[in-house]
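Per our numbering, residue 79 is the first one in the sequence shown, and the count goes up by one each step.
Quick reminder that beta carbons are idealized off the backbone N, C-alpha and C, glycines included.
The model shown is predicted, which means the values in this text are computed figures rather than measured ones.
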Amino acid sequence: MPILAGRMSQLGTETAFEVLARATALQREGRSIINLGIGQPDFRTPEHIVEAGRKALADGHHGYTPANGILTLRETVAADLHRRHGVTVSPDRILVVPGGKVTMFFAILMFGEAGAEIIYPNPGFPIYESVIRCSGATPVAMRLHESKGFSFDADEVLGQITPRTRLIIINSPGNPTGGVVPKAELDRFVAGLARHPEVAILSDEIYGEMLYEGRHTSLTTYPELADRLILLDGWSKTYAMTGWRLGYGVWPASLFADAERLAINSHSCVNAAAQYAGIAAMTGPREPVGRMMAAFAERRAYIIPALKALPGFRSATPGGAFYAFPNITDTGFDSRAIQSRLLEEAGVATVSGTSFGASGDGHIRFSYAASLAALEEAVGRIADWLGSQRQHESARRQA
Ligand code: PLP
Numbered sequence: 079m080p081i082l083a084g085r086m087s088q089l090g091t092e093t094a095f096e097v098l099a100r101a102t103a104l105q106r107e108g109r110s111i112i113n114l115g116i117g118q119p120d121f122r123t124p125e126h127i128v129e130a131g132r133k134a135l136a137d138g139h140h141g142y143t144p145a146n147g148i149l150t151l152r153e154t155v156a157a158d159l160h161r162r163h164g165v166t167v168s169p170d171r172i173l174v175v176p177g178g179k180v181t182m183f184f185a186i187l188m189f190g191e192a193g194a195e196i197i198y199p200n201p202g203f204p205i206y207e208s209v210i211r212c213s214g215a216t217p218v219a220m221r222l223h224e225s226k227g228f229s230f231d232a233d234e235v236l237g238q239i240t241p242r243t244r245l246i247i248i249n250s251p252g253n254p255t256g257g258v259v260p261k262a263e264l265d266r267f268v269a270g271l272a273r274h275p276e277v278a279i280l281s282d283e284i285y286g287e288m289l290y291e292g293r294h295t296s297l298t299t300y301p302e303l304a305d306r307l308i309l310l311d312g313w314s315k316t317y318a319m320t321g322w323r324l325g326y327g328v329w330p331a332s333l334f335a336d337a338e339r340l341a342i343n344s345h346s347c348v349n350a351a352a353q354y355a356g357i358a359a360m361t362g363p364r365e366p367v368g369r370m371m372a373a374f375a376e377r378r379a380y381i382i383p384a385l386k387a388l389p390g391f392r393s394a395t396p397g398g399a400f401y402a403f404p405n406i407t408d409t410g411f412d413s414r415a416i417q418s419r420l421l422e423e424a425g426v427a428t429v430s431g432t433s434f435g436a437s438g439d440g441h442i443r444f445s446y447a448a449s450l451a452a453l454e455e456a457v458g459r460i461a462d463w464l465g466s467q468r469q470h471e472s473a474r475r476q477a
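Structure follows, in structure tokens:
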């Protein structure tokens, strides 16, 4: 038997991929499954972006690119950050990587080790806690408050900082809740960080262009954080490009060489055609992004009230992304049981809140990146299933 390194036993996973595999297996058996489990837009990548990737391949862009990404792409990202946030970022601080996850992996690896603490959102994207544990560091859960639309409380987070804290991870708009941290809370958080100059920040803004009201506040707009802020962003969600594997990090100048060395040690560079597609995405027409967001807004307007109307369900209204994270404690089922029974018995794939950390208990996540018709069908199936459970229950009581 090969003997694995101890850290492998600490590595978690993303349940959404397991749910996807089970949903696909059930579909292969002929079952009708509505998949609201996986977090990806249900749109095709806009045609002009696909065409740019195709052209790059036809033009012979088949070799390695610089490890940090082709210069034109990094310049395009810098211009995009200026357009969106009004900030000036040197392309020399931008590291293009295969998907948003890679910036997260590198940042956590760079700061995590035995004895270190990393504060991360819980409920949150499961890979944060998984990689923190794998790195040997201690994960410290940042509470997100359902009553505050799943924002954190700045004073509470600042109070969790100890001399061992190396990194704090922020994710707004957030997965799995769709929660948005209000600017006033971010202001308080950043002001308090002045007392902790040795703590680095990873701001995961992969859903930064997916807001339903108001404007996204990027942590890049706080100049006082520039020497310790790592921005995680990418193309996956905004441009419906999850399968292209394209993302980027903006690193403080002092950390850039380390981040680039991690890239050279792991993936060398990103697939060249994907990088050309990434340029087309950011420089091309913005209507496709607007159309997608309009569709998500319409779906949100349907699904939140529809979920709230289900017996035992209540739900905050997500401010961004495309997730609903209703509280299902009053149904009498626990999160894992309801995830599995909805999939097996009602044909609706969701993800248990516990897959996003202990604080997700009592919730399930719906990714409403599906057509309105599919959402209506899913809600109808869940209502029927809940109704049949109630009937069983009252029959059992009478017996
Ligand atoms: N960060 C968050 C909060 C996410 O939800 C996801 C994907 O679901 C990612 C990062 C990773 O994105 P990518 O597919 O570009 O690696």
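Here's a check: name, in chain order, each residue in its chain whose Cβ is nearer than 6 angstroms to the Cβ of P389, leaving out the five neighbours to either side.
L464
Quick check: does the Cβ of G117 come within less than 7 angstroms of any heavy atom belonging to the ligand ATP?
Because the ligand ATP does not appear in the structure shown, any question about it cannot be addressed here, the ligands present being the ligand PLP.
Measuring CB to CB, does G141 end up less than 8 angstroms from A350?
yes
Check whether the segment 187-201 and the segment 358-366 are in contact - that is, three or more C-beta pairs closer than 8 angstroms.
no
Identify, in the order they occur along the chain, each residue of the same chain with its Cβ nearer than 7 angstroms to the Cβ of S445, setting aside the five sequence neighbours on each side.
L114, G115, I116, G117, F400, Y401
When you compare the segment 327-347 with the segment 303-311, are there three or more beta-carbon pairs, one atom per stretch, that lie closer than 8 angstroms?
Yes, they touch.
Hey, is the segment 336-347 in contact with the segment 183-190, meaning 3+ C-beta pairs nearer than 8 angstroms?
yes
Please indicate yes or no: does the CB of N349 lie closer than 7 angstroms to some heavy atom of the ligand PLP?
no
Can you give the Cα-Cα distance for A456 and F121, rounded to whole angstroms?
19 angstroms
Assuming I483 is part of the beta strand (DSSP E), what are its boundary residues?
The question about residue 483 has no answer here: the residues shown for the chain are numbered 79 through 477.
Which same chain residues, not among the five before or five after R85, have their C-beta less than 6 angstroms away from its C-beta?
C212
Taking 6 angstroms as the limit, name every residue whose beta carbon sits nearer than that to some heavy atom of the ligand PLP, in sequence order.
G117, G177, G178, K179, F203, N249, N253, D282, I284, G312, S314, T320, G325
I'd like to confirm the pairing. Which residues does DSSP put opposite G327 in its beta bridges?
L173, L310
How many angstroms separate the CA atom of V155 from the CA atom of R100?
37 angstroms
So for E92, helix, strand or coil by DSSP?
coil
Which partner residues of R377 appear in the DSSP bridge assignment?
BP columns for R377 are empty, so no partner.
Three-state secondary structure (DSSP) at T243?
strand
In this structure, how does DSSP classify T395 when only helix, strand and coil are distinguished?
coil
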